[in-house]
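My numbering numbers the first residue of the sequence shown as 7 and each following residue consecutively. Read the structure below first, then the notes.
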Amino acid sequence: MTVKGIEGFIIDLDGTVYKGKQPIPGAVEAIAELKRRGMKTVFLSNRGNISRKMCKAKLSAMGLDVPEEEILLSSTVTANFLSAYYSSSPVWTLGDAGLREELAAAGLAMADKPESAEWLVITLHETLTYKELNDAFRAVRSGARIIATNADKTFPGDEGDSIDVAGMIGAIVSSTGKEVELVIGKPSSIMAEAALRAIGLPPASCLVVGDSLASDIQLGKKAGMRTALVLTGSAKREDAEASEWQPDWIWDSLADAARAAAFSAETEAAK
7 MTVKGIEGFI IDLDGTVYKG KQPIPGAVEA IAELKRRGMK TVFLSNRGNI SRKMCKAKLS
67 AMGLDVPEEE ILLSSTVTAN FLSAYYSSSP VWTLGDAGLR EELAAAGLAM ADKPESAEWL
127 VITLHETLTY KELNDAFRAV RSGARIIATN ADKTFPGDEG DSIDVAGMIG AIVSSTGKEV
187 ELVIGKPSSI MAEAALRAIG LPPASCLVVG DSLASDIQLG KKAGMRTALV LTGSAKREDA
247 EASEWQPDWI WDSLADAARA AAFSAETEAA K
């Protein structure tokens, strides 16, 4: 098992580094070993309801000291996209506070009421109320365009798979008859380009590691990167064998990344 030519790892979080509040066995040590070997790392997550600050604190509690500039969330990339192309457009959100933190950090203004919004940004909302859902409905009925941080159906949590952003999207789309105009998160090219800018390497020198064939592996393949599926999330080996998005490697866990890097280094040293 060798990852010859790889200089950077683009690593998923949910189901790859942790599940819920618990780190996946061997993940923290693997990341430390990759960094010790001089590998560049970027953590690329479809989570849109948290901010980089929140994510950094969560990783820190697990023993991982990760700079914010190495963390790329779908909330971050969505905020940067809107800031680049629609900086003067007031936004309304359907999602948790972390999304609003990232939008504010990008200099975007919140609409003072749903009817004034030009964009509705949808992400996971773990404390959703009827009023919040209805406010989002009112924004779209009043002309707001819809953008979603991602469209994942589920995410791996402490108690197994839980409903993800697709549930929030479905409620708004079915009630308003309006479609989502843009989905930012993995496997979009927007997310891949953001990761490559952050890591500062060409695609051929990067390896995407994640637990989702539809998001992580597809993103890597489309962007010309090598890919590794880990079996610590919802995907099984037989899922990979049947998928149109074939990973270059299938690993039991992220711990195999460090073993592969070590093996590659030893192989080169022996030449």
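Just so it is clear, CB atoms sit at the ideal spot from N, CA and C, and this is done for glycine as well. Treat the numbers as computed from the prediction; the structure is a model and nothing was measured.
- Here D170 is buried: its Cβ has 16 or more other Cβ atoms, across all protein chains shown, within 10 Å.
- Excluding the 5 residues flanking it on each side, S66 has no same chain C-beta neighbour closer than 6 Å.
- A234: not part of any alpha helix (DSSP H); member of the beta strand (DSSP E) spanning 232-236, first to last residue.
- Taking the Cα positions, S57 is about 14 Å away from G113.
- The Cβ atoms of A261 and A36 lie closer than 8 Å to each other.
- If the five residues before and after S148 are omitted, its C-beta is found closer than 6 Å to the C-beta atoms of E121, all from its own chain and listed in chain order.
- The residues V23, M68, in chain order, have a CB closer than 7 Å to that of P29 in the same chain once the five nearest residues on each side in sequence are set aside.
- Close CB contacts of S89 within its chain, under the 8 Å cut and outside five residues either way in sequence, are with A112, G113, L114 (chain order).
- Under the DSSP assignment, S95 falls outside any beta strand (DSSP E); it carries neither an H nor an E label.
- Annotated as proximal: A157 and I175, with beta-carbon spacing under 8 Å.
- Burial state of K192 is buried, judged by a 10 Å Cβ sphere holding 16 or more other Cβ atoms.
- D222 sits in a helix when the DSSP states are folded into three classes.
- Taking all protein chains shown into account, K25 has 16 or more neighbouring C-beta atoms within 10 Å of its C-beta and is therefore buried.
- For the options G104, D258, G11, A103, the alpha carbon positioned closest to that of G44 is the one of G11.
- By the C-beta density criterion, K242 is exposed, having fewer than 16 other C-beta atoms within 10 angstroms.
- Taking a 10 Å sphere around the C-beta of G216, we find 16 or more other C-beta atoms and assign the residue as buried.
- The shortest C-alpha to C-alpha distance from G239 to any of S259, M231, Q252 is the one to S259.
- CA-to-CA, the gap between T135 and T129 works out to about 14 Å.
- By the criterion of a C-beta distance shorter than 7 Å, V9 is surrounded in its chain by L213, A266, A267, S270, once the five residues flanking it on both sides are discounted.
- Your pair S211 and G14 checks out as a contact, with CB atoms roughly 6 Å apart and the cut at 8 Å.
- Ranked by how close their Cα comes to the Cα of T133, the residues K159, R232, D102, S80 have D102 in first place.
- Your pair V72 and A201 does not check out as a contact, with CB atoms roughly 15 Å apart and the cut at 8 Å.
- DSSP places V23 in the coil class of the three-state scheme, outside both helix and strand.
- At a Cβ-Cβ threshold of 8 Å, V127 and T99 count as neighbours.
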